[in-house]
Amino acid sequence: MPIKYTDEFKRDAVALVESGITQKVVCKDLGISKTALQTWVRDAKFQSHGLTPPADPDERREMAAAIKRIRELEMENEVLRRAAAYLSQVHITPPK
2 MPIKYTDEFK
12 RDAVALVESG
22 ITQKVVCKDL
32 GISKTALQTW
42 VRDAKFQSHG
52 LTPPADPDER
62 REMAAAIKRI
72 RELEMENEVL
82 RRAAAYLSQV
92 HITPPK
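Here the sequence shown is numbered in this note's numbering, starting from 2 and rising by one per residue.
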C-alpha cells in the first residue's frame, strides 16, 4: 500500500531540492523514493508556471517541452534586450 504524504511534507521536500540540496540526499534524509521526489519537483515546476500538473504522460511531456521553450525564448529576449541597450549607448556621444 503506497504511503500518503501531506502537501506540506511534499512542499518542504521540494523546497529542500530548490535550496540546492541534491535529490539523493533529500530522499535519504526524508526516507522517500527518488521517483516520488522527482514527481513532486516536476509538479511544482508546472504549478510555478500556473499550470495544473497533468495525469497523462504524453500531455506531461508536451507541457514540459512547452515550458522549456518558454524559458529559451525568455533567455533570447533578455539577450536581445541587452544587445539593444548596449548598441544604443554606442551612438551617444559624451558632452564636451
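For each residue, glycine too, the CB sits at the ideal point set by N, CA and C.
Simplified DSSP state of Leu-38, which is helix, strand or coil = helix
If you check the beta carbons only, do Lys-5 and Trp-41 fall under 8 Å apart?
-> no
Using 10 angstroms around the beta-carbon of Met-76, count the other beta-carbons present and answer buried if the total reaches 16, otherwise exposed.
-> exposed
Which whole-angstrom value is the C-beta distance of Gln-48 and Lys-35, which I expect to be below 8 Å?
-> Not really, about 20 Å apart at Cβ, beyond 8 Å.
Report the rounded CA-to-CA distance for Asn-78 versus Cys-28, giving the unit in angstroms.
-> 37 Å
Completely contained alpha helix (DSSP H) runs for the segment 23-92, where each covers 4 or more residues | The qualifying runs are 24-31, 35-49, 58-91.
When DSSP labels each residue in this structure, what does Lys-5 get in the three-state scheme?
-> Lys-5: coil per DSSP, three-state reduction.
Using a threshold of 8 Å, state whether the C-beta atoms of Val-26 and Ala-45 are closer than that.
-> Against a cut-off of 8 Å, the Cβ pair of Ala-45 and Val-26 comes out as no contact.
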